[in-house]
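Residue numbers (my numbering), protein chains in the order written: chain A, 15 to 356; chain B, 15 to 356. Ideal placement from N, C-alpha and C gives every residue a C-beta, glycine not left out.
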DNA sequence: TAGATTTGAGAAAACGTTTTCACAGAAAGT
DNA sequence: ACTTTCTGTGAAAACGTTTTCTCAAATCTA
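1. I need the DSSP call for residue 94(A), collapsed to helix, strand or coil.
2. Mind the definition here: the region 224-244 of chain B touches the region 307-326 of chain B only if three or more C-beta pairs lie below 8 Å; say whether that holds.
3. Going by C-alpha distance, which of 259(A), 48(A), 151(A) and 100(A) is nearest residue 286(A)?
4. Measure from the alpha carbon of residue 58(A) to the alpha carbon of each residue in 51(B), 123(B) and 250(B), then state which is nearest.
5. Taking Cβ to Cβ, would you say residue 162(A) is nearer than 9 Å to residue 147(A)?
6. Grab me the residues of residue 392(B)'s own chain with a C-beta within less than 8 Å of its C-beta, minus the 5 sequence neighbours each way, in chain order.
7. By the three-class DSSP mapping on this structure, what secondary structure does residue 155(A) have?
8. If residue 86(B) sits next to residue 290(B), beta carbons under 8 Å apart, how far is it from one beta carbon to the other, in whole angstroms?
9. I need the boundaries of the alpha helix (DSSP H) containing residue 312(B), first residue and last residue.
10. Mind checking whether the beta-carbon of residue 25(A) lies closer than 8 Å to any heavy atom of the ligand NAP?
11. Using beta carbons (cut-off 9 Å, strictly below), is residue 86(B) in contact with chain A?
12. In chain B, which residues lie with their C-beta within 9 Å of the C-beta of residue 101(A)?
13. Span of the beta strand (DSSP E) holding residue 59(A)?
14. Within the region 109-163 of chain B, note down every full beta strand (DSSP E) run reaching 3 residues or more, in order along the chain.
15. Spell out the partners DSSP gives residue 197(B) in its beta bridges.
16. I'd like the span of the beta strand (DSSP E) that includes residue 170(A), first residue to last.
17. So residue 60(A) packs on residue 127(B), CB below 8 Å; how close in whole Å?
18. In the DSSP assignment, what are the bridge partners of residue 288(B)?
19. Can you tell me which of the three DSSP states residue 331(B) falls into?
20. Assuming contact is defined by CB atoms lying nearer than 9 Å, are residue 176(B) and residue 213(B) in contact in what I supplied?
21. Which residues in the same chain as residue 300(B) place their Cβ atom closer than 8 Å to its Cβ, once the five residues preceding and following it in sequence are excluded?
22. Would you please state the rounded distance, in angstroms, between the beta carbons of residue 46(B) and residue 56(B)? I believe it to be under 8 Å.
23. Compare the beta carbon distance of residue 164(B) and residue 315(B) with 9 Å and say whether it is the shorter of the two.
24. Where do the ends of the beta strand (DSSP E) carrying residue 339(A) lie?
25. So that I know if they touch, is there some Cβ in chain A lying closer than 9 Å to that of residue 198(B)?
26. Does residue 18(A) have its Cβ less than 9 Å from a Cβ in chain B?
27. Report back the beta-carbon spacing between residue 10(B) and residue 340(B) to the nearest angstrom; my notes put them in contact at under 8 Å.
28. Chain A partners of residue 264(B), CB-CB under 8 Å?
29. Give a yes or no on whether the C-beta atoms belonging to residue 83(B) and residue 93(A) are separated by under 9 Å.
30. For the putative contact between residue 318(B) and residue 170(B), defined by C-beta atoms under 8 Å, what is the C-beta separation to the nearest angstrom?
31. Apart from the five residues just before and just after residue 282(B), which ones in its own chain have a Cβ nearer than 7 Å to its Cβ?
32. Here's a check: name, in chain order, each residue in its chain whose Cβ is nearer than 8 Å to the Cβ of residue 145(B), leaving out the five neighbours to either side.
33. Taking residue 149(A) as the reference, which of 62(A), 33(A) and 119(A) has the closest Cα?
34. Helix, strand or coil: which one does DSSP assign to residue 73(A)?
35. Less than 9 Å between the beta carbons of residue 105(B) and residue 76(B), yes or no?
36. Provide the residue span of the alpha helix (DSSP H) that contains residue 19(B), from first to last.
What follows is the structure, given as structure tokens:
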């Protein structure tokens, strides 16, 4: 392997000068700089990252710790982070906690030991291990939470406005004539689960529709949970007219149950989901859903991380909120027949 | 950060001894070893990977370069590799070529510069850049190809028997009374695309059914391609009785077309797919499909890589082939009415 | 018991960078 | 013309390991 010394010899300068050219920031004569750059070019020199890391304690790797690699929602996010990282000439080390706090802990250890330059995480819980994060902070390694908020004064967050997404979705249902609307949200230990429930309630209150706690159900964000809770909701009296489901996987579960029971959408029950619902086009109708800007979520988080890296001086905590959009499909068509409009 | 020196001082030995204990392999007195281990424990010492890497040129990171992170097929594979890596106390740096040879090249550069200990790749083409791979080999960094074969004498491969998978799928259709069977395979530049076509042909030949090149179509492994090619196949005369599709995404595309044209499965056309087809349960019937052992594919590749790492002495190239299984659903029910069985 | 071998442990070199310090020469201020 | 400030450069220390070399002590061989 050619090293910095070879380059120095080839250019007739000292290794200090080569280093300065490489790192750009110091003052070095233009003519000398050109000679060094030429030498780097002809020798195809690539700095040894290990040596650099040993000296500076700053790697060119960032960690991305997501909570469920199986969920297609995160694919877009990964790509957003990946593209931004590539652009800044960083590599990505991808970890998957599978929603397990234990595994999350384990991976944070790995990232710490690997001395990543920074990390982007989708926290499994709001209350991440305090000391764990402190270690990173002490070493000056920035962390950005994404999609879910975390209880820590020092950690930036990039979020989507869940309250708004849910509120608009439910308002849309109301506008189309539905009044008795059931909700399946996620675990209320997550901010996403809580906020979507909050948005649902706001929309109902704004329309003057009384809340009914019996049709506000909490799932686990997984397919099976959607299946089960849908069964429960279908048995309610008076029957529900519409259903708002708090993420993509649970929506799929709901669809399975509806299909199994021969409940027609939207004739019998209208439906609005959350997130892009993969392959839902396969069903006979298109599903109305709250779309989140997943790619932007990833790239914004990465961008914020690189801002921190480029300017490590104390900056105040930032919380970036992106707006979701409602994609209207056939599953929430205006209510016909029974409506109070006639 | 506590370093090896701190540990040495705390245990009352030299740093060489600590290093020997840490790396296990050298001879060191049992009593001293215990003292060192205790010191490591109480000081919560973690070796600095950068220094270690600088010295040994061997990182504790392996690269995983896959061809399409959007395809759910690879999720299982990633988990297989991830679990095995974690077990061996390696971390994973995940790269995604998006089926682009250029991006693949770029990421190989990154992995090389990052000095990964080894790499597992899903090659975008059979003919990977010769010199690229040579660099890795010269540095003694093993590479394992997975899912797709690569033209290189030195690279291990972990594969699934595509010929067999396709042959059994088509034989199953034939056994159920279908004779005119169309096929949509992948690009014939990939081994998977070619081999599945080969299996299809073998099954027909074994049954004495003449091949018809007009109903052997080549797609791109993407949803849209399945949609288009299904349209073409539906227009054939004489009409096809069954359809065999060479991967999951194209099968979804086919389903979309069938639905749009109101073609019933299996009454009008029987269908067999390839890979786990996500959310296909949503359709009214279950799809018969060739299941690949994705998790095992990943863990076997990782296992082979770690074998190489633990025993770097020249070993002959290994090619591991796993067997697919056919999961029979309703989409290929025995043909009724028209059959020659009556 | 004298020599040969084995065992156990320390000193020190090396890996390839970045960065501090020192210093020569040029430019600028008096 | 003499100090002062800038610019540009090199020498050398440090980062934290692994590993080679040495060497003393312990064990074995004759």
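Taking the coordinates as given:
1. Helix at residue 94(A).
2. Output reads no: the region 307-326 of chain B does not touch the region 224-244 of chain B.
3. 259(A) is the residue among 259(A), 48(A), 151(A) and 100(A) whose C-alpha sits nearest the C-alpha of residue 286(A).
4. Measuring from the Cα of residue 58(A), the nearest candidate turns out to be 123(B).
5. No, these two residues do not count as a Cβ contact at 9 Å.
6. Residue 392(B) is absent from the model: chain B starts at 15 and stops at 356.
7. Correct three-state label for residue 155(A): coil.
8. With a Cβ gap of about 7 Å, residue 86(B) and residue 290(B) count as contacting.
9. Annotation for residue 312(B): the continuous alpha helix (DSSP H) segment containing it runs 308-324.
10. Inclusion of the ligand NAP in the displayed structure is not the case, the ligand content being empty and no account of it being possible.
11. At least one chain A Cβ lies under 9 Å of residue 86(B).
12. None at all; the shortest Cβ gap to chain B is about 12 Å.
13. No beta strand (DSSP E) contains residue 59(A), which DSSP labels as neither H nor E.
14. Entirely contained in the region 109-163 of chain B, the beta strand (DSSP E) runs reaching 3 residues are, in chain order, 132-135 and 157-160.
15. 230(B) and 258(B), per the DSSP bridge assignment.
16. Counting along the chain, the beta strand (DSSP E) containing residue 170(A) begins and ends at 170-174.
17. Between residue 127(B) and residue 60(A) the Cβ distance is about 5 Å, and since that is below 8 Å, they are a contact.
18. 304(B), per the DSSP bridge assignment.
19. Coil at residue 331(B), not helix or strand.
20. Going by C-beta atoms, residue 176(B) is nearer than 9 Å to residue 213(B).
21. These residues qualify, in order along the chain: 294, 343, 344 and 345.
22. Not really, about 16 Å apart at Cβ, beyond 8 Å.
23. Not in contact: residue 164(B) and residue 315(B) (Cβ atoms no closer than 9 Å).
24. Per DSSP, residue 339(A) belongs to the beta strand (DSSP E) from 339-341.
25. False, the Cβ-Cβ gap to chain A never drops below 9 Å.
26. Closer than 9 Å: no.
27. Residue 10(B) falls outside the range modelled here, since chain B spans only 15 to 356, and no answer is possible.
28. Under the 8 Å cutoff, chain A gives no residues; its nearest Cβ is about 13 Å from residue 264(B).
29. Going by C-beta atoms, residue 83(B) is nearer than 9 Å to residue 93(A).
30. Approximately 5 Å separates the beta-carbon atoms of residue 318(B) and residue 170(B); this is inside 8 Å, confirming the contact.
31. Taking C-beta separations shorter than 7 Å and ignoring five residues to either side along the sequence, residue 282(B) has no partners in its chain.
32. For residue 145(B), where only same-chain residues beyond five positions count, there are no Cβ hits under 8 Å.
33. That would be 119(A), whose Cα lies nearest to the Cα of residue 149(A).
34. Here residue 73(A) sits in coil by DSSP.
35. Taking 9 Å as the Cβ cut-off, residue 105(B) and residue 76(B) qualify as a contacting pair.
36. 18-25 is the span of the alpha helix (DSSP H), which, as asked, contains residue 19(B).
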